[in-house]
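Undergrad:
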Amino acid sequence: MSFTEAFKAIPTDLARCPTTSKKLARCSQLVRLFVEEISGLVTKVPYGYRALRTHRKLPRRGERDGRVEHGVAMSRDVRYDDGERCVMDIYVPEGLVEGENAPVALFVHGGVWASGEKWQFSPMATALAREGVVCCVATYSLYPRADAVQMWDEISRAISWTMDNIETYGGDANRVSVVGHSAGAQLCARALLQRGGVKNVKSKTSTREWHRDSRMPRKFIGIAGVYDIGYHYEYEDSRGVAIVSTMARAMNGAENFDMCSPARLMPRRKRDGRSVVPGPDNLTGDVMAKMAGFYRKSEDVAESLEEEVAFPPTVLMAGCADITVPWHESADFYWKLQDAGVPSRMLLYLKEDHVDFVLNWNEKGSGKDTADGNDYLEPYTRDFVRMLKD
Numbered sequence: 001m002s003f004t005e006a007f008k009a010i011p012t013d014l015a016r017c018p019t020t021s022k023k024l025a026r027c028s029q030l031v032r033l034f035v036e037e038i039s040g041l042v043t044k045v046p047y048g049y050r051a052l053r054t055h056r057k058l059p060r061r062g063e064r065d066g067r068v069e070h071g072v073a074m075s076r077d078v079r080y081d082d083g084e085r086c087v088m089d090i091y092v093p094e095g096l097v098e099g100e101n102a103p104v105a106l107f108v109h110g111g112v113w114a115s116g117e118k119w120q121f122s123p124m125a126t127a128l129a130r131e132g133v134v135c136c137v138a139t140y141s142l143y144p145r146a147d148a149v150q151m152w153d154e155i156s157r158a159i160s161w162t163m164d165n166i167e168t169y170g171g172d173a174n175r176v177s178v179v180g181h182s183a184g185a186q187l188c189a190r191a192l193l194q195r196g197g198v199k200n201v202k203s204k205t206s207t208r209e210w211h212r213d214s215r216m217p218r219k220f221i222g223i224a225g226v227y228d229i230g231y232h233y234e235y236e237d238s239r240g241v242a243i244v245s246t247m248a249r250a251m252n253g254a255e256n257f258d259m260c261s262p263a264r265l266m267p268r269r270k271r272d273g274r275s276v277v278p279g280p281d282n283l284t285g286d287v288m289a290k291m292a293g294f295y296r297k298s299e300d301v302a303e304s305l306e307e308e309v310a311f312p313p314t315v316l317m318a319g320c321a322d323i324t325v326p327w328h329e330s331a332d333f334y335w336k337l338q339d340a341g342v343p344s345r346m347l348l349y350l351k352e353d354h355v356d357f358v359l360n361w362n363e364k365g366s367g368k369d370t371a372d373g374n375d376y377l378e379p380y381t382r383d384f385v386r387m388l389k390d
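Quick note, the sequence shown lines up with residues 1 to 390 if you use full-length UniProt numbering.
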């Protein structure tokens, strides 16, 4: 949550209450919401310290000064476009050189379209690089300086930059997976639809011509994402956070919800059938997904995407314990992808909440290491690594 933007919205929120008693009740509810948010941030202080320490201590790529033992180097603040926040940190397995063709993850953070910094995800990015994945953690312009339309246009530019330049860092341009978490998943999906030719909406914060590049990454991985803005707004309203949330404001109002919603923009194909993402079998997230009814045999795996819709094969990950963006929002998008003929896969986890997927990454040497290699990782993070490396 952006506390500054949330406080700005309080007068509008209270104006909706017709009586003094209802205003007082709403004030009490808002106080509880802010206390819960602050309490949650306090519990994340140890993680924040570890993340910042990891980010600061990783050596620059090419340095070998022995400051860390992670086996990972970083290129900091690599610019992918002209905007102030259009930069990325690139985490590279130590010793990886140009032409080695390692898999690549371009990670786009969430943060209610109004917050998020690269360093916050350094434990995840370090772990991915340690597993042989070149990981790019990108930032982008935030509300109120940018609306969501400008944000996903910047993400499209980040995708193109990565595909054009990642081989210099030892990555394979043909093995780039775009990964988005929460709001970042919405921005990634909308950027990919823009690249696929879906009509754009006018930005109120940018006058630039829209980025045009029809190339697609190998895969899109959406984690606990928001894919139907109107539907999620109703959910936020039921929790009492819709007005203080920056989502509706970042979309430039309810009149733009549909055009900002990947789930609403997916076309339906004429033929019946289901398409799944080819890849590793027996992932941990498959168990709950099968129990929830997401697993179906398909004969359409080998179909060409160009015959259906210009959108990359997609893996959606969600946790049953997530009350910020419930798992069924990913499930709804999964069925929209299936209806559009996009090879897709739903991975569902029983105990994971909204931030576990991107913040709960164990350090190697934390007591969970085994002789089996990456068993220090949690099951869902192992699934994530396997999907990236496939």
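By construction, the Cβ of each residue, glycine as well, lies at the ideal position given by its N, Cα and C atoms.
It should be emphasised that the depicted structure is a prediction, and the values quoted were computed from it without experimental measurement.
#1: What span of residues does the alpha helix (DSSP H) with residue 103 cover, start to end?
#2: Provide the residue span of the alpha helix (DSSP H) that contains residue 389, from first to last.
#3: Are there 16 or more other CB atoms within 10 angstroms of the CB of residue 40, so buried, or fewer, so exposed?
#4: Which word fits residue 49, buried or exposed, when buried means at least 16 other C-beta atoms lie within 10 angstroms of its C-beta?
#5: Hey, would you say residue 74 sits closer than 7 Å to residue 58, going by beta carbons?
#6: For the beta strand (DSSP E) that residue 219 lies in, which residues bound it at each end?
#7: What are the boundary residues of the beta strand (DSSP E) that includes residue 346?
#8: Looking at the secondary structure, which residues open and close the alpha helix (DSSP H) in which residue 49 lies?
#9: In whole angstroms, give me the CA-to-CA distance for residue 170 and residue 102.
#10: Between the beta-carbon of residue 108 and the beta-carbon of residue 222, is there less than 7 Å?
#11: Which residue marks the beginning of the alpha helix (DSSP H) containing residue 262, and which one marks its end?
#12: Alpha carbon to alpha carbon, how far is residue 46 from residue 151? Give it in angstroms, no decimals.
#13: Which runs of the alpha helix (DSSP H) at least 4 residues long sit entirely within the stretch 178-242? Give them in chain order.
#14: Thinking just about the alpha-carbon of each residue, which of 138, 25, 245 is nearest to the one in residue 154?
#15: Residue 129 to residue 385, Cα distance in whole Å?
#16: In this structure, how does DSSP classify residue 135 when only helix, strand and coil are distinguished?
#17: Which stretch, first to last residue, makes up the beta strand (DSSP E) that contains residue 316?
#18: Can you tell which of 327, 140, 346 has the C-alpha that lies nearest to the C-alpha of residue 282?
#19: Where does residue 219 land, buried or exposed, given buried means 16+ other C-beta within 10 angstroms?
#20: For residue 214, which residues from the same chain have a beta carbon less than 8 Å from its beta carbon, with the 5 sequence-adjacent residues on both sides left out?
#21: Cβ atoms of residue 80 and residue 135: under 7 Å apart, would you say?
#22: For residue 316, which residues in the same chain have their Cβ closer than 6 Å to its Cβ, ignoring the five residues on either side in sequence?
#23: Would you give the residue range spanned by the alpha helix (DSSP H) that residue 244 belongs to?
#24: Who are the Cβ neighbours of residue 86 in its own chain at under 6 Å, not counting the five residues just before and after it?
#25: Could you check where the beta strand (DSSP E) with residue 90 kicks off and where it finishes?
#26: Can you give me the start and stop residues for the alpha helix (DSSP H) that residue 130 sits inside?
#27: Which residues does DSSP list as the beta-bridge partners of residue 171?
#28: Among all the DSSP beta bridges, which residues are the ones paired with residue 73?
#29: Sorry if obvious, but does the Cβ on residue 267 come closer than 6 Å to a heavy atom of the ligand SAH?
#30: In this structure, how does DSSP classify residue 42 when only helix, strand and coil are distinguished?
TA: A quick look at the data gives this:
#1: Translated into the one-based positions of the sequence shown, residue 103 becomes position 103. Looking at the DSSP string, residue 103 is not in any alpha helix (DSSP H); the run it does join, the beta strand (DSSP E), is 102-108.
#2: Residue mapping note: residue 389 aligns to position 389 of the sequence shown, counting from 1. Looking at the DSSP string, the run of the alpha helix (DSSP H) that includes residue 389 is 379-389.
#3: Within the sequence shown, numbered from 1, the residue matching residue 40 stands at position 40. Exposed, because fewer than 16 other Cβ atoms sit within 10 Å of the Cβ of residue 40.
#4: As a first step, residue 49 is located in the sequence shown; it is residue number 49 there, counting from the start. Exposed: under 16 other Cβ atoms inside 10 Å.
#5: Translated into positions along the sequence shown, residue 74 becomes position 74. Translated into positions along the sequence shown, residue 58 becomes position 58. In contact: residue 74 and residue 58 (Cβ atoms closer than 7 Å).
#6: The residue labelled residue 219 in the question sits at position 219 within the sequence shown. Segment 219-223, the beta strand (DSSP E) holding residue 219.
#7: The residue given as residue 346 occupies position 346 in the sequence shown. That run of the beta strand (DSSP E) goes 344-349.
#8: Counting from one through the sequence shown, the residue named residue 49 turns up at place 49. In this chain, the alpha helix (DSSP H) harbouring residue 49 covers 45-57.
#9: In the sequence shown, residue 170 corresponds to position 170, counting from 1. In the sequence shown, residue 102 corresponds to position 102, counting from 1. Cα to Cα, the separation comes out at about 6 Å.
#10: Here residue 108 corresponds to residue number 108 of the sequence shown, with the count starting at 1. Here residue 222 corresponds to residue number 222 of the sequence shown, with the count starting at 1. Their beta carbons are not under 7 Å apart, which means residue 108 does not touch residue 222 by this criterion.
#11: Within the sequence shown, the letter at position 262 stands for residue 262. Here the alpha helix (DSSP H) through residue 262 covers 262-265.
#12: Position 151 of the sequence shown holds residue 151. Position 46 of the sequence shown holds residue 46. C-alpha separation (whole angstroms): 30 Å.
#13: 183-195, 229-239
#14: For this step, residue 154 is matched to residue 154 along the sequence shown. Minimum Cα distance to residue 154 is reached at 138.
#15: For this step, residue 129 is matched to residue 129 along the sequence shown. For this step, residue 385 is matched to residue 385 along the sequence shown. If I take the Cα positions, the gap works out to 10 Å.
#16: Sequence index remark: in the sequence shown, residue 135 carries index 135 (1-based). In the three-state reduction of the DSSP assignment, residue 135 falls in the strand class, which pools E and B.
#17: The residue labelled residue 316 in the question sits at position 316 within the sequence shown. Per DSSP, residue 316 belongs to the beta strand (DSSP E) from 314-319.
#18: Taking the first residue of the sequence shown as 1, we reach residue 282 at position 282. Check the Cα spacing between residue 282 and each of 327, 140, 346: the tightest is with 346.
#19: What you label residue 219 is simply residue 219 of the sequence shown in a count that begins at 1. Buried, because 16 or more other Cβ atoms sit within 10 Å of the Cβ of residue 219.
#20: Against the sequence shown, residue 214 aligns to sequence position 214. 195, 196, 197, 310, listed in sequence order.
#21: Within the sequence shown, residue 135 is the residue found at index 135, counting from 1. Within the sequence shown, residue 80 is the residue found at index 80, counting from 1. Contact flag unset, no.
#22: Here residue 316 corresponds to residue number 316 of the sequence shown, with the count starting at 1. Here the set comprises 222, 330, 334, 346.
#23: Position 244 of the sequence shown holds residue 244. Counting along the chain, residue 244 falls outside any alpha helix (DSSP H), and DSSP gives it neither H nor E.
#24: Working through the sequence shown from its first residue, we reach residue 86 at position 86. Answer for residue 86: 80, 154, listed in chain order.
#25: Taking the sequence shown and counting its residues from 1, the one referred to as residue 90 is at position 90. Taken as a continuous stretch (DSSP letters only), the beta strand (DSSP E) holding residue 90 covers 87-93.
#26: Here residue 130 refers to the residue found at position 130 of the sequence shown. Here the alpha helix (DSSP H) through residue 130 covers 122-130.
#27: Against the sequence shown, residue 171 aligns to sequence position 171. Looking at the DSSP assignment, residue 171 forms a beta bridge with 102.
#28: Start at 1 with the first residue of the sequence shown, and residue 73 comes out as number 73. Answer is 92, bridged to residue 73.
#29: Among the components modelled here there is no ligand, and therefore nothing to report on the ligand SAH.
#30: On the sequence shown, residue 42 is found 42 positions in, with the first residue counted as 1. Correct three-state label for residue 42: helix.
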